[in-house]
Each structure stands twice: as C-alpha cells, then as structure tokens.
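See below for the structure under consideration.
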Amino acid sequence: MGGPIVLAELYRAVIDRTKGMCACTGQCGQTHKTSGGACDRRGRYGHPLLVVPVDPATSPVEAAALGPEELVALCGGCAVRRASAQKKRREAELDEQAEAVAISLF
Ligand SMILES: [Zn+2]
Ligand SMILES: [Zn+2]
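Shown next as structure tokens:
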C-alpha cells in the first residue's frame, strides 16, 4: 500500500507507460490503418493526451479511485470518439433491456 497518489504523478505514470503516445488500438471505432492499426498521436502543446479509464463504462466517481494500471492515455480525438461509441452501445443496451421488459409484459 502506497500513500495517496498525487494526480500529476498518476497522469505522468500513465503517459510514461504509453511512451507519450495515444494508446488507442481501435477502441474509438477507427481502424488507424495509416499508422499500423494503432493511433500514433502524441500529446502536444494545447492538445495534451487525456488519461481515461481503460473501461469506458466507468463512472466519473469510480474513475477517481482508479490506479495507473486501470487508466490509459488517449488523444483528444480518440477519447471523444470512444466516449460517443460507448454512449451508443449503452443506448443500444438500454433499448434491448426495454424490449426485454416489454416482451416479458406482453
Ligand atoms: Zn488517438
Ligand atoms: Zn483511436
């Protein structure tokens, strides 16, 4: 058990692990074909990499308690695309659940 991790250190630990590169390998819905199947974007001034939970379904409250091994660095573009892909999946799931309820009612 270590002491509390300073947020900046946590950020750096995650970014260091991905060598300063976006760690997306298609989770955002793009194939990243031109860069060998993985996004090769680096953080740059004004557009730093974002540190986000590995599991896009993680709630912000849960995310605040995650360690560096449960976080991943993504570029802004991949983070936004991955979040909207997750939202679509979630909506599709809710639709399915609603249908299941409807079927069980009738
Ligand atoms: Zn990316
Ligand atoms: Zn991507």
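Our numbering numbers the first residue of the sequence shown as 2 and each following residue consecutively. Even for Gly, the Cβ is constructed at its ideal location relative to N, Cα and C. Just so it is clear, the structure is predicted and the values come from calculations on it, not from any experiment.
Looking only at its own chain, which residues have a Cβ that is under 8 Å from the Cβ of residue i, when we skip the five neighbours before and after it?
i   : result
V55 : E71, L72 and V73
T26 : H33, G38, A39 and C40
Rounded C-beta distance between residue i and residue j? I'm assuming under 8 Å.
i   : j   : result
V52 : V81 : Actually they do not touch by this definition, with Cβ atoms about 14 Å apart.
G30 : A86 : 5 Å
L75 : A24 : 6 Å
P69 : L11 : 6 Å
In its own chain, which residues sit with a C-beta less than 7 Å from the C-beta of residue i, not counting the 5 before and 5 after it?
i   : result
G77 : H48 and L51
A58 : Q87
According to DSSP, residue i sits in a beta bridge with which residue or residues?
i   : result
V53 : V73
R45 : H48
CB of residue i to nearest heavy atom of ligand 1: below 7 Å?
i   : result
L51 : no
G47 : no
L75 : yes
G37 : no
R43 : no
G78 : yes
Going by the C-beta, is residue i closer than 7 Å to any heavy atom of ligand 2?
i   : result
R13 : no
R18 : no
Using 8 Å as the limit for Cβ to Cβ distance, is residue i near chain D?
i   : result
Y46 : In summary, chain D is missing from the structure at hand, where a single protein chain is found.
Using a Cβ-Cβ cut-off of 6 Å (strictly less than) and excluding sequence neighbours within five positions of residue i, which residues of its own chain qualify?
i   : result
A64 : P54
query: So does the region 32-43 actually touch the region 88-95, counting three or more Cβ pairs closer than 8 Å?
result: no
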